[in-house]
Amino acid sequence: MLTPEHFQNVFQRAKRAGSPHLTILSRANDLGHPRLGLAVPKKQIRFAVDRNRFKRIVRESFRHHQHQLGHFDFVVIAKKSASELSNDELYHVLEKLWQRLSRPSRG
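The sequence shown begins at 411 in the working numbering and counts up one residue at a time.
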């Protein structure tokens, strides 16, 4: 996702899946494919190298799971503790959240 309007669309009435390290917001789109947006503030992850590592891992995880995610826009929001996770731990957290979001909603 590229524009602030795309992000605002997701922030309004989004389905939420979270962990102590990050939050993923999702909302259906009409495009026929999933899209990813990242919100990784300096206030949460201080060093650029850590922010870039976080974004790289999230993008790679999204790429591996996008076939099962459906037609949704996703915004991944980092929390402070995300920079303390190893790559494997971050992949594991993302795996659980993608699975939770790919389940059909009840209700």
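Where a beta carbon is used, it is the ideal one built from N, C-alpha and C, also for glycine.
Item, Value
"Check whether the Cβ atoms of A427 and I455 lie closer than 7 angstroms to each other.", "no"
"Using the rule of at least 16 other Cβ atoms within 10 Å of the residue's Cβ for burial, across every protein chain shown, is S496 buried or exposed?", "exposed"
"Within a Cβ cutoff of 8 angstroms, which residues of the same chain sit near L511, ignoring the five residues on either side of it in sequence?", "K425, A427, I434, S436, L479, F482 and F484"
"Out of A492, V468 and D440, state which residue places its alpha-carbon closest to the alpha-carbon of W566.", "Residue numbering for the chain in the displayed model covers 411 to 517; residue 566 lies beyond these limits and cannot be assessed."
"Go ahead and pull the three-state DSSP assignment for I434.", "strand"
"Between R466 and M411, which are expected to be in contact by the criterion C-beta below 8 angstroms, what is the C-beta distance as a whole number of angstroms?", "Actually they do not touch by this definition, with Cβ atoms about 17 angstroms apart."
"From P430 to Q476, what does the alpha carbon distance come to, in whole angstroms?", "23 angstroms"
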